[in-house]
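To start, the structure itself, in structure tokens.
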Amino acid sequence: MKQIVIGFLLFIGSVGKLFSHHTGSSDSPNATARFVDPFTGKREKPTNYLVMTQDYYQSTRENSHLFTTTAFAELNFFDGRFALNASVPWNYYQQRGREDAARIGKTYLGFKYQPFFDLDKPYFFVIEGSVGFPSGPDTDRFTGGNYYTGTGFIKLGYLYEKWSFVTKIGGLNPLSRPQPSNLQDNDGIPFYLRKPSATPPEPEYEFKKTTLISAYVTYYLMPEISLFTGILYRNPYNGVDYSKEHDKANPSYFTEASGGFSWNFSEKYNMSLAYRYPLQRDREYRLYQSAWTFAFSMEWGSD
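Per the working numbering, the sequence shown starts with residue 917, numbered consecutively.
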């Protein structure tokens, strides 16, 4: 066991030397503040980095545990004012009373843009957007909805001594209409190529714009270690796929609180761990009992 630990430490050291270019070597504390979103594990400002995020949702509405692994990559341009990014999630459902299942989630391509302010100032303003692509009709392999989704956010952040404050306002918007299903959902045949052999069933869901607002406060114990707490608001509760059933199982909004820490254990590498707690606690309609988000990220390049 001792040899394994020593080997791991040597590996981390060699990788750190391989990517040992400076990332924004500035005297400004804002240049080294990571501004990690506790709800997603992603960076708020345009950055050259890769991040692997692992979410664990305990006791979801289907009485299963959900594990979501997300790969996210971002590449910035124009000295950190603009960035392009992409993300792909993979979901594993640990289910009760039936076989476990795994699905690939919706793929997103997006951007970030800092239009104003000197980047070394202790505040930032970021515009962020992305497009989610249809997951396809095969629900045995994919999940996330067979339609296009657009996201857009405005993000404001301020760093004051050892404290940082970040607010995000935006939401999700369906970019395509529901496609009617006819007899088979998983045969891969587009509905407009099928012969109308039967009247398609009335859809149980309708597409709705979704508002997302979050805010969090971070305290830097030292330049490498920080603590954070935040709150998230989502309306409507069920997101873009909004159930037409207006009952207790489909409330109009959802709120969630979080807390955790972030650790920059080198100039390039960061990890964060957040505990997330839904504030709607009724067993009949809560999305899940609680959730954990672990993120490991690696930066590269130099400014």
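In this text, a Cβ means the ideal position worked out from N, Cα and C, and glycines have one as well.
Answer with buried or exposed for residue i, where buried requires no fewer than 16 other C-beta atoms within 10 angstroms of its C-beta.
i, result
"Ser1213", "buried"
"Ala1211", "buried"
"Asn979", "exposed"
"Gly1013", "exposed"
"Ala1190", "buried"
"Arg959", "buried"
"Ser1168", "exposed"
"Ala999", "buried"
"Thr1209", "buried"
"Lys1037", "exposed"
"Pro954", "buried"
"Phe993", "exposed"
"Phe1069", "buried"
"Lys1071", "buried"
"Leu1128", "buried"
So for residue i, helix, strand or coil by DSSP?
i, result
"Pro1038", "coil"
"Ala1211", "strand"
"Gly1064", "The residue asked about is misnamed: residue 1064 is Tyr in this sequence, not Gly. In the structure shown, Tyr1064 sits in coil (DSSP, three-state: anything other than H, G, I, E or B)."
"Tyr1169", "coil"
"Gln974", "strand"
"Thr1083", "strand"
"Phe1049", "coil"
"Val952", "strand"
"Leu1203", "coil"
"Ser1188", "strand"
"Lys1071", "strand"
"Trp1216", "coil"
"Arg959", "strand"
"Leu966", "strand"
"Asn979", "coil"
"Phe1058", "strand"
"Asp1157", "strand"
"Asn1180", "coil"
"Arg1093", "coil"
"Arg1197", "coil"
Given this structure, state the Cα-to-Cα distance separating residue i from residue j, to the nearest angstrom.
i, j, result
"Ala1233", "Ala1207", "Look at the range of the chain in this structure, 917 to 1219, and you will see that residue 1233 is not part of it."
"Glu1122", "Thr1055", "18 angstroms"
"Asn1098", "Pro1053", "A caution first: Asn1098 carries a pLDDT of 46, below 50, which makes its placement in the model too unreliable to give a value."
"Tyr1185", "Thr1065", "31 angstroms"
"Lys961", "Gln1030", "8 angstroms"
"Gly1087", "Gly1217", "31 angstroms"
"Gly1176", "Tyr1193", "12 angstroms"
"Val1042", "Glu1015", "43 angstroms"
"Ile1141", "Glu1183", "12 angstroms"
"Asn964", "Ala989", "8 angstroms"
"Ile1020", "Phe983", "12 angstroms"
"Ser1092", "Tyr1074", "36 angstroms"
"Asn1001", "Gln1011", "32 angstroms"
"Asn1007", "Gly1045", "23 angstroms"
"Val1156", "Leu991", "28 angstroms"
"Leu1025", "Ser1003", "7 angstroms"
"Leu926", "Thr956", "For Leu926, the predicted model reports a pLDDT of 42, less than 50, meaning its position is unreliable; a value from the coordinates is still stated below. Cα to Cα, Leu926 sits roughly 30 angstroms from Thr956."
"Gly1048", "Phe1181", "33 angstroms"
"Asp971", "Arg997", "29 angstroms"
"Arg1057", "Thr969", "21 angstroms"
"Phe1033", "Leu966", "26 angstroms"
"Thr1023", "Pro1090", "14 angstroms"
"Met1187", "Phe1027", "23 angstroms"
"Gly1060", "Asp995", "34 angstroms"
For the segment 1127-1136 and the segment 1077-1089, state whether three or more C-beta atom pairs, one from each stretch, are separated by less than 8 angstroms. yes
Three or more C-beta pairs below 8 angstroms linking the segment 1172-1179 and the segment 1137-1156: yes
Counting Cβ pairs, one atom from each stretch, are 3 or more of them under 8 angstroms apart for the segment 960-978 and the segment 1186-1206? yes
Just list the beta strand (DSSP E) runs in the segment 990-1046, keeping only unbroken ones of 3 residues or longer that don't cross its boundaries, in chain order. 998-1010, 1017-1020, 1024-1029
Runs of beta strand (DSSP E) lying entirely within the segment 1122-1147, each at least 3 residues, in chain order: 1126-1138
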